[in-house]
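Note that this note's numbering has the sequence shown beginning at 1, numbered continuously upward.
Think of the CB as a built atom: it goes at the ideal place given N, C-alpha and C, for glycine as much as any other residue.
Here the structure is laid out as structure tokens; the discussion comes afterwards.
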Amino acid sequence: MEDAKESSTNLPCEAIVTEKNSSKSGSSAASRRRRRRRRTPVSSSSPPAALEGEEASAEAKLTTKRRSPGKRDSSQDSRERVVSGILELGWKGKGGKGGNGYLRQLDKNLEPQKDDPIVPQASIRKFNLKAGSVLVGKASGAGAPTMRYVESVDGMEMSEHRRRRDFKKLTVIDPDYQYEVGSCEQDGQVSMRILDLLCPIGRGQRALLVAPPRSGKTMLMQQIARAMQENYPDVHLIVLLIDERPEEATYWRREVENGEVFVSTMDETPKNHVRLSELVQARAERLVESGKDVLILLDSITRLARAHNHQTGGKGKTMSGGLDSRAMAKPKNFFGCARNTENAGSLTMVGTTLVDTGSKMDQIIFEEFKGTGNMEIVLDRRLADRRIFPAIAVDRSGTRKEEKLRTRATQHKVDILRRVLSRMRPLEAMELMVSRLAQFGTNQEFLGAFSMDDVE
């Protein structure tokens, strides 16, 4: 008996520890099972397999709701897609970030949209991107995607884009090529033939159309647009209407087929007038840098200056008529960008100014722009009242350095015509021009009938 007790007390330590651990693990496992039963009671009416099936179907319904057609899957948002548009810089809207760029769409009238692709500020600085450039690249992300890769700028590869010169550094020269708009067969062909004779439009011309109300300026602008589309389809035509009537916007969009029409109607804010004009100016400058010839028909400079005056908000000195002294800087910059360049494209502009409206501000705006252009077309209300079109005042209209647009022989005959018309009153002179031109098929035939005896 003593030997048995002694053997039991002399068991190895490992065995004792193992026995204790096994007893503890058994008790802990039992306690875990008891706690699990208390937490997850199983209904006696349905087996566990049926419960799992119901949970799976409920989870499937939730997944279906999450993947409804109205919401995109995250895997689809991460995919890259090709995007394009005209770059606008520095616009801050809902959710916008200062310094980023946004790709505006031509078919949306360059208006900000919620899903416009975003161009990061880092890409703008890296590639020296400018406002008005047409970008093509790849973007990814939900809603407004972020551009990750730029493939081309204004139709050029990135290496070619880096080599082109800035618009302000291009060499500016006088207009040296005439756009003959009188050869287009249309209802206003006589009006365009008179323009070719008395006020020729050159490549890079900066023309000011001075018009009182109801003098036919809109009709004259539409005839110029129609003739340019017909005779010079390679010239990029841009029509910019500021504070215009909505019905006029519809007519212009239907009339211009080979060009672009941008409209900020009279029910838009002055801020939108200014934003649209600045973006259109930037687009025209980028086209000129790319070597293209551009024509802008602006209606009107007066309303654009009014919008800038409203945006200035009285920060400068107020002049007569309520015009802020700083309000004319940007409209003059817009009109002054029209030019002919020696080593790139050209930008021709015909802008209208309103006179005799009874507004002191309109008269001051006209005086500010008077002399800034190198061509003036002045319309006479008296001619329009007598239904004589074009209602051009012959004695006050003309083109500077027009001898560079014509041959010496043609210019000599035009000088003879000017001398004859200068002896008449403006009403009689235009009536004579319209009646005589109707007798000849072309301007060359008409000028060929002149001789030195006509001025004696």
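Could you check where the alpha helix (DSSP H) with Asp385 kicks off and where it finishes?
-> Arg381 to Asp385
Since Leu220 contacts Ser183 with CB under 8 angstroms, what's their CB separation in whole angstroms?
-> In this structure Leu220 does not touch Ser183 by the C-beta definition: roughly 17 angstroms separates them, more than the 8 angstroms allowed.
Which term fits Gln411, buried or exposed, when burial requires 16 or more other beta carbons within 10 angstroms of its beta carbon?
-> exposed
Residue closest to Asn443, alpha-carbon to alpha-carbon, out of Ile194, Ile301, Glu111 and Ser84 | Ile194
Rounded to a whole number of angstroms, what is the C-alpha to C-alpha distance between Arg226 and Arg203?
-> 17 angstroms
Would you check if the segment 115-132 and the segment 296-312 touch, i.e. whether three or more CB-CB distances between them fall below 8 angstroms?
-> Flag = no, the segment 296-312 and the segment 115-132 do not touch.
What did DSSP end up calling Tyr179 once you bin it into helix, strand or coil?
-> strand
Report the residue from Asp267, Ile365, Leu417 and Pro246 whose alpha carbon sits nearest the alpha carbon of Asp356.
-> Ile365
Look at the alpha carbon of Val82 and the alpha carbon of Lys330, and state the distance between them as a whole number of angstroms.
-> 35 angstroms
From Ala307 to Met349, what does the alpha carbon distance come to, in whole angstroms?
-> 20 angstroms
Taking the beta strand (DSSP E) that Phe262 falls in, what are its first and last residues?
-> Glu260 to Thr265
Take every Cβ of the segment 244-255, pair it with every Cβ of the segment 199-217, and state whether three or more of those distances are shorter than 8 angstroms.
-> no
List the DSSP bridge partners of Lys138.
-> Note: Lys138 sits in a beta bridge opposite Val82 and Tyr149.
Does the beta-carbon of Tyr149 have 16 or more other beta-carbons within 10 angstroms, so that it is buried, or is it exposed?
-> exposed
Would you tell me roughly how many angstroms separate the C-alpha atoms of Asn340 and Asn374, rounded to the nearest one?
-> Computed Cα separation, rounded: 12 angstroms.
The beta strand (DSSP E) enclosing Asn231, as first and last residue numbers | Counting along the chain, Asn231 falls outside any beta strand (DSSP E), though it belongs to the alpha helix (DSSP H) covering Lys217 to Asn231.
So Gln229 packs on Gln186, CB below 8 angstroms; how close in whole Å?
-> Not really, about 10 angstroms apart at Cβ, beyond 8 angstroms.
Around the C-beta of Lys401, are 16 or more other C-beta atoms found within 10 angstroms, so that it is buried, or is it exposed?
-> exposed
Check the DSSP bridge columns for Asp324 and list the partner residues they point to.
-> Thr318
Leaving out five residues on either side along the sequence, give the residues of the same chain with a beta carbon under 8 angstroms from the beta carbon of Ser320.
-> Lys360 and Ile364
Leaving out five residues on either side along the sequence, give the residues of the same chain with a beta carbon under 6 angstroms from the beta carbon of Lys71.
-> The pLDDT assigned to Lys71 is 48, lower than 50, so where the model puts this residue is not dependable, and the model offers no usable value.
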